[in-house]
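Participant:
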Amino acid sequence: MTVIASASRMPEGMNLEVRNIRFELSEQLSKDWLDNDPFKTAFFNALSMTFPDGERFFIDSVRHYKDEVKDPKLKKEMSGFFGQEGMHSREHLTYNKALCDLRGYNQEKMEGRTKNMVRLGQKKMSPVGHLAATCGVEHITAIFADKVLNGWMLSEVDSQMRSLWKWHAAEELEHKSVAFDVYIDIGGNYKVRKLTLRMFTIHFLWNLLANTAYMLRKDKKLWKWSTLKSGFKFLFAKGGVLREFRADYLTYFDPDFHPWDDDNRHLLESWKAARAA
Ligand SMILES: [Fe+2]
Ligand SMILES: [Fe+2]
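For the sequence shown, position 86 (counting from the first letter as 1) is numbered 1110 according to my numbering, and the numbering increases by one without interruption.
1. What's the call for MET1025, buried or exposed, on a 16-neighbour Cβ count within 10 Å?
2. Can you tell me which residues fall inside 7 Å of ligand 1, judged by beta-carbon distance to its nearest heavy atom, and keep chain order?
3. So, helix, strand or coil for MET1149, using DSSP?
4. Pick from ARG1270, ALA1194, GLY1263, ILE1210: whose alpha carbon is nearest that of LYS1296?
5. Apart from the five residues on each side of it in sequence, which residues of its chain come closer than 8 Å, Cβ to Cβ, to VAL1172?
6. Is there at least one Cβ from chain D nearer than 8 Å to ARG1046's Cβ?
7. Is any heavy atom in ligand 2 found nearer than 7 Å to the beta carbon of GLU1162?
8. Around the Cβ of GLY1037, are there at least 16 other Cβ atoms within 10 angstroms (buried) or fewer (exposed)?
9. What did DSSP end up calling MET1025 once you bin it into helix, strand or coil?
10. With a cut-off of 8 Å on the beta carbons, I'd call VAL1310 and VAL1042 a contact; round off their distance for me.
11. From what residue to what residue does the alpha helix (DSSP H) around LEU1049 run?
12. Tell me, please, whether the segment 1042-1059 touches the segment 1112-1131 by the rule of three or more beta-carbon pairs shorter than 8 Å.
13. LEU1058 and THR1065 look like a contact to me (Cβ under 8 Å); what is the Cβ gap, rounded to whole Å?
14. I'd like the span of the alpha helix (DSSP H) that includes LEU1274, first residue to last.
15. Answer yes or no: the CB of HIS1116 versus the heavy atoms of ligand 2, is any distance below 7 Å?
16. Quick one: is the Cβ of HIS1199 within less than 7 Å of any heavy atom of ligand 2?
17. Given a cut-off of 8 Å, decide if GLU1109 and PHE1082 are closer than it, judged by their beta-carbon atoms.
18. For ligand 2, is there a heavy atom less than 7 Å away from the beta-carbon of PHE1068?
19. Report the residue from ILE1208, SER1054, MET1073 whose alpha carbon sits nearest the alpha carbon of THR1236.
20. Using the three-state DSSP reduction, which class does ARG1033 fall into: helix, strand or coil?
21. If you draw a straight line from the C-alpha of SER1032 to the C-alpha of LYS1248, how long is it?
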């Protein structure tokens, strides 16, 4: 008897639960909630600005192939992926609106950067390209998720704010292989996924830094020595974003890469146990 391999390589026994959670963040969003540090706070707020439109793009990119995927396990995971990303999009939209109302930022302008990026991608790239871009972003968010669940950056922040980022991180980690398995199943190749990650990384960093600078300028904190020093440290020093992410980021360029090569399910278990407690 021939055994047909499943297109899904997510570990057996995992279930993509769609957790419908709402967070109360107004008090935190009115101030520099991350270590009382304007740069770090603005950077994470800028990250939130990318999610509503970004997550909708990921959903659309994967949904495009819903009839082509035949493996029932992967199909079920796709539904979980749509549900989880939909919730993230909703909660970050609420976050962004509250932030902009409280601090006088222009939400349209900041979210517009992601909208433009998505529009450009949809105009210039094929559906396979969109899916490849989604796989690349999911790789970056999975690294972010691993770091956050390991206590990176957010261990001292208010519990509601920490809960939001950890919830998002945990679900990113749970569904990290879905878009990738669809990509492989529909015949996506190594060259395109490698190229799209490079392209996306440049756009994404530009988007984050442009919005970070906008918020700091609006708060009249951009050209302060303390802000510049913190920004440099946050980006380039030991424990900062670029050094923390580099090694994991580069694993994507291995032709045999798969998101579950790094089996970090123990982080999910710890997060679930902490929530239950
Ligand atoms: Fe997400
Ligand atoms: Fe995701």
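Note that beta-carbon positions come from the ideal geometry of N, C-alpha and C, so glycine has one too.
Facilitator: Concretely, from the data shown:
1. Reliability of the predicted coordinates at MET1025 is poor, the pLDDT of 48 falling under 50, and the value obtained from them is presented with this limitation in mind. Result: exposed.
2. PHE1075, GLU1079, GLN1108, GLU1109, HIS1112, THR1165, HIS1192, GLU1195, GLU1196
3. Three-state DSSP puts MET1149 in coil, outside helix and strand.
4. ALA1194
5. LEU1178, TRP1189, LYS1190, ALA1193
6. In summary, chain D is missing from the structure at hand, where a single protein chain is found.
7. yes
8. When all chains shown are included, GLY1037 counts as exposed.
9. Low confidence applies here, because MET1025 scores a pLDDT of 48, under 50, leaving its location unreliable and the question unanswered by this model.
10. Residue 1310 cannot be examined here, being either before or after the span of the chain that is shown, 1025 to 1301.
11. According to the DSSP assignment, LEU1049 belongs to no alpha helix (DSSP H), since it is labelled neither H nor E.
12. yes
13. 4 Å
14. 1265-1274
15. no
16. yes
17. With respect to the 8 Å criterion, PHE1082 and GLU1109 are classified as neighbours on the basis of their beta carbons.
18. Checking the Cβ of PHE1068 against ligand 2 gives no.
19. MET1073
20. The answer is coil: DSSP assigns ARG1033 none of H, G, I, E or B.
21. One C-alpha to the other measures close to 50 Å.
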